[in-house]
Amino acid sequence: MYRYPYNFPLITILVFILVGSSCTEGPIEIPEPDTTPPQSMVLFPVDGEPVSGEITIQVRAVDNDRVDSVQFLINQNLVFTDSTQNNDIFTFNWNTDENIMIDEETVKLYSEDDFHYISAIAFDPVGNSYASVPIRSKVDNIDNEPPMAFFLSPFAGQFVGGVVNIEVIASDNDSIQYVSYFVNNILQGYVQEHPFIFPWNTNLVQSDSYYSIHANVKDISNNTTTIAPISVFVDNGVANDITPPTGSIVSPPAGMTVSGLVQIIVSANDNRAMGEVALSINGEYIATIENAPYAYIWDTTTEAEDSEHIISVVLVDLSGNETPLNPISVFVDNELPLDSQPPTVMIMEPAAGQDISGTVNIEVLAEDDTGIDYIEFFIDGFSVNVDSIAPYVYDWDTETVADDAEHIIAVIGYDIQGNSTLATPIAVYIDNFDNINPIGQIQNPVPGQIVNGTVLINIVASDNVGVKDVELSIDGIPRDTLVEQPFTYNWDTTQETEDEDHVISIVVSDTSGNIGYVLPVSVYVDNIINDVTPPIGIISSPHSGQTVSGNVNFTVEAQDENGISELEFSIDGVEVISVNNEASYTHVWDTTILENNSEHILSASVTDNFGNRTILQPVLVTVLNQ
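Numbering (my numbering), first residue to last: 61 to 686.
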């Protein structure tokens with residue numbers, strides 16, 4: 061049968077060849093097949109980037125002819141095919157929070173806090189394909205990362221008075237919901253927006269006292285970070301304050317050529333509390349700054365060009381004590397190319413949260429396209445050093461600050477144009493002196509236990525540095541000093557007063573001389589046992605009803621918690637033997653002297669060390685000797 065559709069391509073080719081042969085000269089050129097695959101790569105998301113919610117995966121695919129389609133794969137599973145493109149870009153909307161049903165339970169299709177692999181396969185019209193390099197994306201729809209936060213001011217141990225600005229530096233992978241402030245564990249208020257500064261009026265609390273300040277930082281996913289408490293001393297007796305404040309003009313440095321908007325930064329400290337910072341240019345008052353940080357943006361374009369200008373500052377504390385700072389002179393030149401790009405500044409050492417002691421090198425990395433002028437180092441808000449020569453290092457003697465407390469390290473870097481950057485401050489913990497007491501516990505015996513004989517007293521002890529020894533006492537009388545792990549002592553209770561409570565106590569000492577007192581244990585000594593419980597036993601061989609012959613093992617098994625003193629064997633009511641101190645009791649019974657087919661009763665009794673006696677269940681056997 062003739063089938064047109066199947067023969068049509070062959071006819072068409074023959075006609076083409078014939079026509080072509082008649083119309084052209086030379087050999088016929090047959091086009092080479094397309095064997096070049098397309099190229100593709102995932103543009104978004106970026107490899108390693110966390111994702112959440114619904115995102116658009118973008119793939120760029122190109123071909124020597126054209127791209128027909130792109131398949132999207134997640135974890136090597138095909139999820140979508142896109143045949144439309146826009147400027148070689150193919151897309152798929154991926155719902156990272158998608159749910160599926162498994163065994164009638166709703167579960168996440170893409171597991172939380174795990175990496176998932178995204179790849180794409182591009183196809184051209186003739187079927188050539190190319191698989192892109194997979195990229196990783198971490199699904200993070202549930203925010204379980206708490207914020208990072210620390211106190212910027214005040215610092216631990218500071219004397220404060222009047223209205224004190226409690227400032228918190230806080231950051232989060234998402235966003236901060238609020239910061240709550242506590243004084244002596246009493247909520248004072250909330251701050252919801254940056255800067256997280258809460259004004260605490262110390263005039264409302266008792267003066268000449270220490271107060272504990274802590275803060276809770278909560279992000280929008282309700283993850284909470286509690287900032288470790290700091291202690292400050294409230295002193296509002298300002299009438300007796302005759303000590304003036306101290307400080308310096310931090311920026312710009314003296315002699316610097318400035319232009320445009322220049323940030324004037326002043327460091328100011330007082331033994332009690334700062335009041336304000338008064339700023340003047342060329343002897344003309346321009347601003348009063350009441351709260352730290354003491355900074356002012358000076359528009360140099362309003363000043364005389366190509367001339368020296370004098371910056372002067374007066375510090376005033378809450379008691380009215382004044383300190384005029386040494387003025388500085390700067391040169392205004394606004395015709396210079398303006399560098400508005402601040403430097404890059406980072407604290408390299410020590411690490412945030414590190415426990416440190418002794419002299420510590422604070423190392424700073426600073427870079428700028430025009431050059432670094434200097435780096436200023438701050439400890440707990442106080443300027444402590446300026447370094448203008450790389451590498452920028454400050455040797456900090458940590459014994460000059462409060463021990464067993466957190467301290468804030470901050471640095472500000474300045475380029476030669478006066479631009480500045482505050483590096484992310486870090487909190488470190490100073491531990492120069494061991495003043496932590498060791499701890500311990502009496503693990504055996506337990507409180508209230510009845511003991512007798514020799515008792516093993518077992519003690520566990522630990523310390524942040526090292527345990528020196530454990531002093532053991534019984535009823536307040538020293539018995540031994542234990543110096544090595546495990547801390548154990550064999551206590552002979554037979555040497556103690558009978559039928560009384562006795563107290564075991566220990567004192568743990570560490571290598572720094574700190575002492576830890578441990579909760580004592582009271583036990584009851586009872587070495588004279590009043591045993592009224594009889595022993596137990598059974599005739600294990602022969603069995604009742606058994607036929608026996610020859611020499612028969614008449615065996616009894618008996619036990620008592622305080623020991624067996626005697627076991628008596630009887631045959632037909634007549635005692636045949638008595639034995640002592642055996643675990644398994646056996647008497648060999650000669651039946652050959654007895655009459656055949658005669659029945660006999662085997663019985664026994666057991667007596668313990670306290671005279672308690674038990675008569676065991678007898679057995680009936682038949683003697684049959686052939």
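Heads up, the beta-carbon is just placed ideally off N, CA and C, and yes, glycines get one too.
None of the values given here were measured: they were computed from a predicted structure.
Asked                                                                                                                      : Found
Contact check, I435 vs D447, beta carbons under 8 Å                                                                        : yes
Pairwise C-alpha distance: N524 and I349                                                                                   : 46 Å
Same chain only: Cβ atoms within 6 Å of V453, ignoring 5 sequence neighbours per side                                      : N421, E423
Rounded C-alpha distance that separates P538 from I589                                                                     : 28 Å
Pairwise C-alpha distance: V592 and F670                                                                                   : 8 Å
Contact belief for V239 with V224 at Cβ below 8 Å, rounded distance in angstroms                                           : Wrong, their Cβ atoms sit about 15 Å apart, outside the cutoff.
Bridge partner(s) assigned by DSSP for G597                                                                                : A618
Of the listed residues L375, I519, I357, nearest to E544 (C-alpha basis)                                                   : I519
Pairwise C-alpha distance: I290 and V193                                                                                   : 51 Å
Outcome for G431 when other beta-carbon atoms lying within 10 angstroms are tallied against a minimum of 16                : exposed
Nearest-angstrom beta carbon gap, A328 and G221 [assumed within contact, 8 Å]                                              : Actually they are not in contact, since the Cβ atoms of G221 and A328 sit about 15 Å apart, beyond 8 Å.
Buried or exposed by the 16-neighbour rule on C-beta atoms within 10 Å, applied to H647                                    : buried
Beta strand (DSSP E) segment containing P538, residue limits                                                               : 537–542
Where E158 falls: helix, strand or coil (DSSP)                                                                             : coil
Reduced DSSP secondary structure (H/G/I, E/B, other) of Q545                                                               : coil
V111 classed as buried or exposed, judged by whether at least 16 other C-beta atoms fall within 10 angstroms               : buried
Coil, strand or helix - Q606 by DSSP                                                                                       : coil
Unbroken beta strand (DSSP E) run spanning V592, endpoints                                                                 : Careful: V592 lies outside any beta strand (DSSP E) and carries neither H nor E.
Continuous beta strand (DSSP E) assignments of at least 3 residues falling wholly in the region 442–530                    : 442–447, 452–457, 465–475, 480–482, 486–490, 499–504, 514–522
Buried versus exposed, by CB contacts within 10 Å (16 or more), Y271                                                       : buried
Per DSSP, cross-strand counterpart(s) of A664                                                                              : F629
Whole-number beta carbon distance between V583 and Q509, since they are thought to touch under 8 Å                         : 5 Å
DSSP three-state assignment for Q555, whether helix, strand or coil                                                        : helix
Distance between S319 and V392 (C-alpha atoms, nearest Å)                                                                  : 6 Å
Buried versus exposed call for R673 [16 or more other C-beta atoms within 10 Å across all chains shown]                    : exposed
Residue closest to I388, alpha-carbon to alpha-carbon, out of Q677, A314, V581, I564                                       : A314
Buried/exposed call for I468, threshold 16 Cβ in 10 Å                                                                      : buried
Backbone secondary structure at T571 - three-state DSSP                                                                    : coil
Validate contact between the region 241–250 and the region 159–170 using beta carbons, cut 8 Å, 3 pairs                    : no
Beta-carbon contacts of G380 that lie in its chain and below 8 Å, excluding the five residues immediately before and after : G335
Distance between V608 and Y645 (C-alpha atoms, nearest Å)                                                                  : 19 Å
Residues near Q501 by beta carbon distance below 6 Å, same chain, minus five either side                                   : V520
Local Cβ density within 10 Å of D570, reported as buried at 16 or more and exposed below that                              : buried
Simplified DSSP state of T419, which is helix, strand or coil                                                              : strand
Where L425 falls: helix, strand or coil (DSSP)                                                                             : strand
N261 - DSSP class collapsed to helix/strand/coil                                                                           : strand
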